[in-house]
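The structure under discussion appears below in the form of C-alpha cells.
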Amino acid sequence: MITVPVSVQLLLPSVLFLIGLLGVLIRRNVIFMLMAMEIMLNAAGLVFIIGSSLWKQADGQVMVIFILAMAAAEVAVGLALILQVYQMHKTVDVDQLRELKDEQEQG
Amino acid sequence: MNIIFYLSAVVAIYCTLRAVFHKHAVHALLYLIVSLLAVAVIFFVLGAPFLAALEVIIYAGAIMVLFVFVVMMLNRGEAAVQQEKAWLQFRTWVWPAVFVLLLFVEWLYLLLYQPPAVAPAGSDQPIMPQQVGEALFTRYLLGVEMAAMLLMAGVMGAYHIGKQKQRSYHRYLEEEELRSTASEKQTQQVI
C-alpha cells in the first residue's frame with residue numbers, strides 16, 4: 019500500500035476525467051468521442067478505488083465492477099449504432115448526422 | 073511503492089493525452105490500451121488486485137478489442153487521417169482546452185486547499201477478491217442481478233441494431249429502383 023496523500027491521489031482521476039471531457043468536446047469523429055467517454059468512465063472507477071483504499075472497504079470495488087458491466091453494455095450498443103450509422107450515411111462526422119433536426123430550421 | 077504510483081500516473085496521463093489528440097484511430101486505441109494498463113497498475117498499488125485484473129481483462133482486453141474491430145470494419149484508411157488533421161486545428165481545440173483547464177484549476181484548489189476528510193485508520197492490507205465477492209453477493213446481490221439484466225439488454229440491443237437489415241421497400245418502389253438502375257446502365261452503355 020502507498021502513502022501518497024489522498025488529494026494527490028485524487029488529482030490523477032480528475033486529470034484523466036478532464037482529458038476525456040476535452041476529447042468529447044474537440045473531436046468530431048464518433049469513435050473518438052466514444053473512446054473519450056470510456057476514459058471518463060475509467061476515471062470515475064479510479065475515484066471509487068481510491069475511496070475503497072482510503073476506507074478499507076470493498077464497496078468501492080463492487081461499484082467499479084458495476085461500472086465495468088455498464089461500460090461493456092454501453093460500448094457494445096454504441097459501436098453497433100456507429101456501424102449502422104456509417105452504413106447509412108457513409109460518415110462518422112457528428113456534425114453531419116442531423117436527421118432529427120427540424121426541417122424548417124435548416125434554412 | 074509511491075514511486076510506482078507516480079510513474080504509472082505519468083504514463084497514464086501522457087498516453088491518455090496522446091490517445092485523445094492522435095489522428096490515427098488505431099494508434100490512439102493502442103495509446104488508450106497502454107493508459108488503461110497503467111491505471112490497472114495503480115489499482116494494484118492502491119490495494120485492489122482483483123479490480124486490477126478485471127481492468128486488464130475487460131477494459132484493456134475486451135472493450136478495446138471491440139473498438140479495434142469496429143475501426144477495422146469501417147476501414148477508412150489514409151483519407152480518415154487527413155480528415156482528422158483537417159478537423160483538429162488549433163482554433164478547434166483552444167477554447168475547450170481553456171475551459172477544461174479552468175475547471176482543472178478549480179478542482180486543484182478544492183483538492184489542495186480543502187482536502188478530503190481523513191479516513192479512520194484500518195488495516196494496511198490490500199482488499200482481496202474474497203472480500204469483494206462477499207460484498208458483491210450479499211449486500212449488492214440486487215445490483216448484480218440488475219447488471220445481468222443490463223448486459224442482457226446490451227447484447228440483444230447490439231445484436232438487433234448491428235444486424236444487416238434487409239431492405240423492406242414497398243414492391244412498387246423496388247420496381248422503380250430496378251427500372252432506374254436499368255436505365256442508368258443503358259445510358260452508360262450509350263455513352
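Chain order of the listed sequences is H and X.
Numbered by this note's numbering, the letters in the first sequence go through residues 19 to 125 in order.
Numbered by this note's numbering, the letters in the second sequence go through residues 73 to 263 in order.
Don't be surprised by glycine CBs; every beta carbon is placed ideally from N, CA and C.
Contacting positions in the stretch 99 to 122 of chain H - beta carbon closer than 9 Å to chain X:
Listed by position, the residues of the stretch 99 to 122 of chain H near chain X (Cβ gap below 9 Å) are LEU99, ILE100, LEU101, GLN102, TYR104, GLN105, VAL110, ASP111.
For ASN74 (chain X) and VAL93 (chain H), which I take to be in contact (beta-carbon distance under 8 Å), what is that distance rounded to the nearest angstrom?
Not quite, the Cβ-Cβ distance comes to about 33 Å (not below 8 Å), so this is no contact.
Using CA coordinates, which residue listed in H:PRO31, H:ILE68, H:ARG45, H:ARG46 is at the minimum distance from ILE199 (chain X)?
For the set H:PRO31, H:ILE68, H:ARG45, H:ARG46, the Cα lying nearest the Cα of ILE199 (chain X) is the one of H:ILE68.
Could you tell me if GLY125 (chain H) is buried or exposed, where buried requires 16 or more neighbouring beta carbons within 10 angstroms of its beta carbon?
For GLY125 (chain H), the pLDDT reaches just 48, beneath the cut-off of 50, and the residue's location in the model is therefore unreliable, leaving the point undetermined.
Quick check on ASP77 (chain H): does DSSP put it in helix, strand or coil?
Looking at ASP77 (chain H) - three-state DSSP - the assignment turns out to be helix.
CB-CB under 8 Å to GLN197 (chain X), same chain, minus the five flanking residues each way: which ones, in chain order?
Hits under 8 Å: GLY119.
DSSP three-state assignment for GLY125 (chain H), whether helix, strand or coil:
Residue placement at GLY125 (chain H) cannot be trusted, given a pLDDT of 48 that sits under 50; what the coordinates show is reported in the next sentence. Look at GLY125 (chain H) here: in three-state DSSP terms it is coil, with no helix or strand label.
Measuring CA to CA, which of H:GLN102, H:ASP111, H:ALA89, H:LYS74 is closest to GLN203 (chain X)?
The candidate whose alpha carbon is nearest that of GLN203 (chain X) is H:LYS74.
In chain order, what are the residue ranges of uninterrupted beta strand (DSSP E) at least 3 long that sit wholly in the stretch 81 to 148 of chain X?
The stretch 81 to 148 of chain X contains no complete beta strand (DSSP E) run of 3 or more residues.
Would VAL126 (chain H) count as contacting chain X if we go by Cβ distances under 8 Å?
It is not possible to answer for residue 126 (chain H), since the shown part of chain H is limited to 19 through 125.
Is ASN47 (chain H) buried or exposed, if buried means 16 or more other CB atoms sit within 10 Å of its CB?
Classification for ASN47 (chain H): buried.
Classify ASP111 (chain H) as helix, strand or coil using the three-state DSSP reduction.
Looking at ASP111 (chain H) - three-state DSSP - the assignment turns out to be strand.
Are the beta-carbon atoms of ALA84 (chain X) and VAL111 (chain X) separated by less than 8 Å?
At a Cβ-Cβ threshold of 8 Å, ALA84 (chain X) and VAL111 (chain X) count as neighbours.
Going by DSSP, name the residue or residues bridged to ASN47 (chain H).
DSSP, once it has assigned bridges, lists H:ASP111 as partnering ASN47 (chain H).
Hey, how far is the Cα of ALA124 (chain X) from the Cα of GLN102 (chain H)?
Annotation: ALA124 (chain X) to GLN102 (chain H) spans about 33 Å, alpha carbon to alpha carbon.
What in chain H is Cβ-close to PHE139 (chain X), meaning under 9 Å?
Residues of chain H passing the Cβ test: ILE49, LEU52, MET53, GLU56, VAL93, LEU97.
Which residues in the same chain have their Cβ closer than 8 Å to the Cβ of VAL140 (chain X), if we skip the five residues on either side of it in sequence?
Taken in chain order, the residues that qualify are VAL98, LEU101.
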